[in-house]
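Participant: Quick one: structure below, then a few questions.
Numbering (the UniProt record's numbering), first residue to last: 1 to 156.
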């Protein structure tokens with residue numbers, strides 16, 4: 001297994017576990033949030049899916065985007081499955097982009113996000129994208145605890 005295969009495995013495992021958590025949230029709790037300044041559950045799911053699309057474009061651009069016209073912006077919130085269905089073509093395109101990279105690309109391509117305080121190699125950036133999703137999935141598990149909703153087992 002090469003580095004690209006491992007990165008793809010990580011993306012797939014992170015998403016599989018996220019989906020387990022996301023689909024375990026009762027519909028009546030999707031708009032729950034722990035305080036007035038927090039995202040709701042469904043907003044956090046959207047944030048992850050939209051963020052992945054942004055990161056994909058930034059990776060293709062080899063840096064932050066001057067403008068980001070999000071296709072998610074005008075989508076009404078409804079269900080987790082609707083969010084996943086809408087995001088699926090963007091996800092598939094991102095995965096195909098990852099597959100197109102070589103081992104050398106992981107270290108030679110630099111992603112300049114100086115505006116966010118860093119310039120990183122492509123390999124580092126790809127791991128950051130998956131980490132972003134993992135962090136928010138952990139936050140949602142905490143939301144569920146606070147909302148007294150049973151939590152699904154992600155460590156299978």
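Ideal placement from N, C-alpha and C gives every residue a C-beta, glycine not left out.
Express the C-alpha separation of residue 50 and residue 38 in angstroms, rounding to a whole number.
Facilitator: Within the chain shown, the letter at position 38 stands for residue 38. Within the chain shown, the letter at position 50 stands for residue 50. Distance between residue 38 and residue 50, taken at the CA atoms: about 17 angstroms.
Participant: Over what stretch of residues does the beta strand (DSSP E) that includes residue 120 continue unbroken?
Facilitator: The sequence position of residue 120 within the chain shown is 120, counting from 1. Segment 118-121, the beta strand (DSSP E) holding residue 120.
Participant: What three-state label does DSSP hand residue 29 in the structure shown?
Facilitator: Position 29 of the chain shown, counting from 1, holds the residue named residue 29. In the displayed model, residue 29 falls within a helix according to three-state DSSP.
Participant: What residues are listed by DSSP as bridge partners for residue 16?
Facilitator: For this step, residue 16 is matched to residue 16 along the chain shown. Paired residues: none, contrary to the question.
Participant: Looking at the secondary structure, which residues open and close the alpha helix (DSSP H) in which residue 91 lies?
Facilitator: Translated into positions along the chain shown, residue 91 becomes position 91. DSSP places residue 91 in the uninterrupted alpha helix (DSSP H) bounded by 80-100.
Participant: With residue 112 as the anchor, note down where its beta strand (DSSP E) starts and where it stops.
Facilitator: For the purposes of this step, residue 112 is taken as the residue at position 112 of the chain shown. From DSSP, the beta strand (DSSP E) with residue 112 extends over 110-113.
Participant: Going by Cα to Cα distance, which pick from 35, 67, 60, 25 is closest to residue 93?
Facilitator: For this step, residue 93 is matched to residue 93 along the chain shown. Nearest C-alpha to residue 93: 60.
Participant: When burial is assigned at 16 or more other CB atoms within 10 Å of the CB, is residue 158 buried or exposed?
Facilitator: Missing from the structure shown is residue 158; the chain here goes from 1 to 156 and no further.
Participant: Is it a yes or a no for the region 121-128 touching the region 65-75, going by three-plus beta-carbon pairs under 8 angstroms?
Facilitator: no
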